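See structure below.
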Amino acid sequence: MILIFAPEVPLNSQTQILSLFPGSQLSRIHFIARNQLGGTQPGGTQPGGTQLLEFPPPLQPWIAQIDSDSTEPCALELLSIPCREGLSAEHEQQLRAWVSKGQEQTPPPITMTLQRTTVIAADGRMVIAGQEDRLSSLTRTLTEAFFYETQLREIERLVGENWQQMEADLPSSFAASAETITDRERLSAHYLLVMTLSSRLARLAPWVHAPYLHPPTLASQLQERFRERLQMPHRHEMLDDQLEIFCDCYDAVAQRQSDYRLTQSSNQLEWIIIILLVIQVLFSVFDILSTLQTS
Amino acid sequence: MRYPSIDILRTIAIFIMVFVHFAENLAGVILPLTGLGAPLFAFLSGASYFLWVSGEQRKGKTELEISKVSVRRGLFVFTLGIFFNVLVWLPEDTFNWDVLTCIGFALIVLNQGRRLPHRILVLVAGAILFTAPVFRAMVDYDAYWEQGYYEADWTLVDLLIGFTTTGYFPIFPWLSYSLLGFVVAASLLHAPQTSRSIVPAGLGCILFSLLLLFLGNDRSDLFSKVFLQGWKMFPATTEYVTGTLGVILILFYLLHQQIDRHLDRWKDSPFLALAKSFSQYALTIYVFHHVVHLWPLWLYGAIQGSETTFYWRQAMPLSTSLVLAAVFLFCLTVVLWSLGQRQRSGIETWMRWLCDD
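See the structure below:
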């Protein structure tokens, strides 16, 4: 393997990377929901793409698809490097720079090394360097792990963005009023969002809290390390707790809204009866008045 | 917030009112415009009440405080209506149930009604509108209008009947204007998503009025005698109320869309500034224009040694009365223009001083 670039030079272009590591392959991976495909392609893939893996039942609608020719932004750029002896320190540093996209990232890219196999991963990019015959299974397993982490991160982002709004909506969880009723569509959208996030989180649980595989394989061990390094079980629990607060709030909001509307319609019915009674009384009063007037 | 659309509508009502009253009381001529001013006033009393309540709520006033002021204001306007009758129409017409007594009562009703769902208020307005002809028939409305104007004995029964059914502006059906004014203002100014139904409602009212007018032709059965009485202001028939209501709804909607929603385009308009002044002094102008054209009439009659009201409706030809109305409005415009936004003093100020906290 020939080092072409100095270590401090960031490797950003696809050509630079591929020429640096002969035999390496850069895959652009998309996570696609089946219902977005339209069912036109056999095998459930988008035109020009190859299905990499299909997720297990709770996440069945999703597939990972390799589409290296596509110019659209992808979820993961995965660089597979076949090497028998592991990566040198310089190469590792260069690949870390590539994974970081030449920027300071928080958190920094994670690096895992096991049995001469190195995995470097960060937001949107991953490098797997290992024996050629193991690359295929490692790619599938780590792509799956990356997808779960992406989902978790997305839920974290949405929960974080909606904290303030949820706190602003707290008064509506205690009592509904005419003002909150006019805001019903927005509250309903938030309720749906929270329920969707809870559902998405629940679907990740079987994998995030899965026990270690026995007997272990290289792929399973790397996947488990990936899960632990990214604190996914802990993050899942935190999200679960946070979403519980959201659910409690918006459950109560939905209940208050429903109660308010029911009461309102019941009140309206009562008022209609009252109005009819008043009209009846008025007829009697006018009848009496007209009698008195005549007399 | 002040909405110029309401100021403009109120100014239109004032101009119509002045011309109609001068022509009717001085020349005895009923202008074609007659009957458009009073519904506007009654409707806008409800709309203004809604805006006032919203403003008070924004200031953090409690429901109790708002209720107290509402009732005081209602009683003030009602009492002013009685005093107005005594002083302007002379004591024998104390209980002719003028528009002020109706609006005063409407404010008290709206104070209770403002907490109700708006659909119920619309239902109440509809019930008032459609029961009014029956009540009129029950109490023999025409018996009170034999001379072409309202006349009743000062008995409790006649006072009640006059206030509710047979007076100039009885609560049946005039209260429906104020109730609907409140609902429409709430819908148009505070809930734009529901305001789209206002134009169809207005058109529906006009079509319904036309349908009743069409059905009422050449029919002499009991139903027609009660419900299909043609286009009349006294009594305010269903055709008249629905027709005027339709026109008001469409006018209000159009003005709101064209002016209130493009305030930046109109903010320096002298026309709007003038309309605002007219609107702010509407109550004072209502009382004052009566004083200006009726007191000289009574005074002249008394000086001539005849009955005080001898010259009512026969003092001058129509053209002269219209010129006088125009002169009055011109003088009023000059006075209001020169006053500008200086500290106001009028009946409205007295009302605030007496009624507000």
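Heads up: the sequence lines are chains U and Y, in that order.
The opening position of the first sequence corresponds to residue 1 in this note's numbering, with each subsequent residue numbered one higher.
The opening position of the second sequence corresponds to residue 1001 in this note's numbering, with each subsequent residue numbered one higher.
Virtual Cβ for every residue (Gly too), placed ideally from N, Cα, C.
Bear in mind that the values here come from a model prediction, so they are computed numbers and not experimental data.
| said: Between the stretch 1177 to 1191 of chain Y and the stretch 1025 to 1044 of chain Y, can you find at least three pairs of beta-carbon atoms closer than 8 Å? | reply: yes
| request: Specify whether the stretch 1089 to 1105 of chain Y and the stretch 1166 to 1173 of chain Y touch according to this definition: at least 3 beta carbon pairs, one from each stretch, less than 8 Å apart. | output: By the Cβ criterion, the stretch 1089 to 1105 of chain Y is in contact with the stretch 1166 to 1173 of chain Y, since at least three pairs of Cβ atoms, one from each stretch, lie closer than 8 Å.
| Whose CA, out of U:R229, U:Q255, U:E144 and U:I279, lies closest to the CA of A176 (chain U)? | Stepping through the first sequence from its first residue, residue 176 (chain U) is reached at position 176. Nearest of U:R229, U:Q255, U:E144 and U:I279 to A176 (chain U), Cα basis: U:Q255.
| field | 8 Å Cβ cut-off: residues of chain Y touching D287 (chain U) | value | For the purposes of this step, residue 287 (chain U) is taken as residue 287 along the first sequence, with counting starting at 1. Per Cβ cutoff of 8 Å: M1138.
| G1104 (chain Y) and G1074 (chain Y): beta carbons closer than 8 Å? | Working through the second sequence from its first residue, we reach residue 1104 (chain Y) at position 104. Working through the second sequence from its first residue, we reach residue 1074 (chain Y) at position 74. In this structure, G1074 (chain Y) lies closer than 8 Å to G1104 (chain Y) by Cβ.
| task | Determine, using beta carbons only, whether V1124 (chain Y) comes closer than 8 Å to chain U. | result | In the second sequence, counting from the first residue as 1, residue 1124 (chain Y) sits at position 124. Cβ-Cβ to chain U under 8 Å: yes for V1124 (chain Y).
| request: Taking all protein chains shown into account, decide if Q164 (chain U) is buried (16 or more other Cβ within 10 angstroms of its Cβ) or exposed. | output: Within the first sequence, the letter at position 164 stands for residue 164 (chain U). Under this definition Q164 (chain U) is an exposed residue.
| task | Answer with buried or exposed for V1124 (chain Y), where buried requires no fewer than 16 other C-beta atoms within 10 angstroms of its C-beta. | result | The count along the second sequence starts at 1 and reaches residue 1124 (chain Y) at position 124. With 16 or more Cβ atoms within 10 Å of its Cβ, V1124 (chain Y) is classed as buried.
| message | Contact criterion: CB-CB distance below 8 Å. Does V1020 (chain Y) meet it with respect to chain U? | response | Counted from its first residue, the second sequence places residue 1020 (chain Y) at position 20. Using beta-carbon distances, V1020 (chain Y) does not count as an interface residue toward chain U, since no partner is under 8 Å.
| Under 8 Å, do F226 (chain U) and M112 (chain U) count as touching if we go by C-beta distance? | The sequence position of residue 226 (chain U) within the first sequence is 226, counting from 1. The sequence position of residue 112 (chain U) within the first sequence is 112, counting from 1. Yes, the Cβ-Cβ distance between F226 (chain U) and M112 (chain U) is below 8 Å.
| request: Give me the Cβ distance between G1046 (chain Y) and F1223 (chain Y), rounded to the nearest whole Å; I'm assuming they're in contact under 8 Å. | output: By 1-based counting over the second sequence, the position of residue 1046 (chain Y) is 46. By 1-based counting over the second sequence, the position of residue 1223 (chain Y) is 223. Wrong, their Cβ atoms sit about 30 Å apart, outside the cutoff.
| task | Output the boundary residues of the beta strand (DSSP E) element that contains T111 (chain U). | result | Residue mapping note: residue 111 (chain U) aligns to position 111 of the first sequence, counting from 1. T111 (chain U) -> beta strand (DSSP E) spans I110 to L114.
| said: Against chain Y, with Cβ distances strictly below 8 Å, would S290 (chain U) count as a contact? | reply: On the first sequence, residue 290 (chain U) is found 290 positions in, with the first residue counted as 1. Nearest CB-CB separation between S290 (chain U) and chain Y: below the 8 Å threshold.
| Hey, quick one: how far does the beta strand (DSSP E) through M126 (chain U) stretch, first residue to last? | Taking the first residue of the first sequence as 1, we reach residue 126 (chain U) at position 126. Element bounds for M126 (chain U): R125 to G130.
| task | Measure from the C-beta of G43 (chain U) to each C-beta in chain Y and report whether the shortest distance is under 8 Å. | result | Here the question's residue 43 (chain U) lines up with position 43 in the first sequence. Because the pLDDT at G43 (chain U) is just 43, under 50, the model does not fix this residue reliably, and the point stays unresolved.
| So, does the CB of L201 (chain U) fall closer than 8 Å to a CB anywhere in chain Y? | Locating residue 201 (chain U) in the first sequence gives position 201, counting from the first residue. Put simply, the CB of L201 (chain U) is far from chain Y, with every gap to its CB atoms at 8 Å or more.
| Interface residues of chain Y around L282 (chain U) at Cβ under 8 Å? | Mapped onto the first sequence, residue 282 (chain U) falls at position 282. Under the 8 Å cutoff, chain Y gives T1131 and F1135.
| Of the choices Y:R1196, Y:H1293, Y:A1302 and Y:T1284, whose alpha-carbon is the least far from that of R1010 (chain Y)? | Numbered from its first residue, the second sequence carries residue 1010 (chain Y) at position 10. Selected option, being the one with the closest Cα: Y:T1284.
| Any chain Y beta carbon closer than 8 Å to N162 (chain U) | Residue numbering aside, residue 162 (chain U) sits at position 162 when the first sequence is read from its first letter. By this cut-off, N162 (chain U) is not an interface position.
| query | Which chain Y residues are close to T182 (chain U), counting only those with a beta carbon under 7 Å from its beta carbon? | reply | Along the first sequence, one-based indexing puts residue 182 (chain U) at 182. Identification of chain Y residues near T182 (chain U) by a Cβ-Cβ cut-off of 7 Å yields A1191, ordered along the chain.
| said: Please report the straight-line C-alpha distance between Q280 (chain U) and R1136 (chain Y), rounded to a whole angstrom. | reply: If you number the first sequence from 1, residue 280 (chain U) lands on position 280. If you number the second sequence from 1, residue 1136 (chain Y) lands on position 136. Their Cα atoms are separated by approximately 15 Å.
| field | 7 Å CB neighbourhood of S1005 (chain Y) in its chain, flanking five on each side removed | value | Along the second sequence, read from residue 1 onward, the residue named residue 1005 (chain Y) stands at position 5. Closer than 7 Å at the Cβ level, and outside the excluded window around S1005 (chain Y), lie F1252, L1255, H1256, I1259 and D1260.
| field | Listed by chain order, chain U residues near I1161 (chain Y) by CB distance under 7 Å | value | Along the second sequence, read from residue 1 onward, the residue named residue 1161 (chain Y) stands at position 161. Under the 7 Å cutoff, chain U gives L289 and Q293.
| request: Please decide whether I273 (chain U) counts as near chain Y, where near means a Cβ-Cβ distance under 8 Å. | output: Walking along the first sequence from the start, residue 273 (chain U) turns up at place 273. Closer than 8 Å: no.
| CB contact flag (V1018 (chain Y), F1234 (chain Y), <8 Å) | Here the question's residue 1018 (chain Y) lines up with position 18 in the second sequence. Here the question's residue 1234 (chain Y) lines up with position 234 in the second sequence. Their beta carbons are not under 8 Å apart, which means V1018 (chain Y) does not touch F1234 (chain Y) by this criterion.
| query | What's the C-alpha gap between G44 (chain U) and Q51 (chain U)? | reply | For this step, residue 44 (chain U) is matched to residue 44 along the first sequence. For this step, residue 51 (chain U) is matched to residue 51 along the first sequence. Annotation note: pLDDT 47 at G44 (chain U) (below 50); position unreliable, coordinate value reported separately. Those two C-alpha atoms are separated by around 8 Å.
| Taking only beta-carbon atoms, is I279 (chain U) less than 8 Å away from chain Y? | Here the question's residue 279 (chain U) lines up with position 279 in the first sequence. Closer than 8 Å to some Cβ of chain Y, the Cβ of I279 (chain U) qualifies, so yes.
| said: Taking the alpha carbon of F1199 (chain Y) as the reference point, which residue from Y:L1249, Y:A1273, Y:P1173 and Y:S1187 has its own alpha carbon closest? | reply: Counted from its first residue, the second sequence places residue 1199 (chain Y) at position 199. Going by the sequence as given, residue 1199 (chain Y) is Val instead of Phe. Here the closest residue by C-alpha is Y:L1249.
| Of the residues Y:G1126, Y:V1029 and Y:P1117, which one's Cα is nearest the Cα of L276 (chain U)? | As a first step, residue 276 (chain U) is located in the first sequence; it is residue number 276 there, counting from the start. If we check each option's Cα against that of L276 (chain U), Y:G1126 comes out closest.
| Looking at the C-beta of I17 (chain U), does it have a partner C-beta in chain Y at a distance below 8 Å? | Walking along the first sequence from the start, residue 17 (chain U) turns up at place 17. Closer than 8 Å: no.
| task | Measure the CB-CB distance between L114 (chain U) and L152 (chain U) and report whether it falls below 8 Å. | result | Translated into positions along the first sequence, residue 114 (chain U) becomes position 114. Translated into positions along the first sequence, residue 152 (chain U) becomes position 152. Cβ atoms of L114 (chain U) and L152 (chain U): not closer than 8 Å.
| message | Rounded to whole angstroms, what is the Cα-Cα separation between A1185 (chain Y) and M166 (chain U)? | response | Residue numbering aside, residue 1185 (chain Y) sits at position 185 when the second sequence is read from its first letter. Residue numbering aside, residue 166 (chain U) sits at position 166 when the first sequence is read from its first letter. Going by the C-alpha atoms only, they are around 32 Å apart.
| When you check each C-beta in the stretch 99 to 118 of chain U against every C-beta of chain Y, which residues fall closer than 9 Å? | none
| So, is the C-beta of Q223 (chain U) closer than 8 Å to a C-beta in chain Y? | Along the first sequence, one-based indexing puts residue 223 (chain U) at 223. False, the Cβ-Cβ gap to chain Y never drops below 8 Å.
| Tell me the DSSP bridge mates of W62 (chain U)? | Position 62 of the first sequence, counted from the first residue, corresponds to residue 62 (chain U). According to DSSP, which records beta bridges pairwise, W62 (chain U) is partnered with U:A33.
| said: Classify S136 (chain U): buried if its beta carbon has 16 or more other beta carbons within 10 angstroms, exposed otherwise. | reply: Counting from 1 along the first sequence, the entry for residue 136 (chain U) is found at position 136. Its Cβ having fewer than 16 others within 10 Å, S136 (chain U) is exposed.
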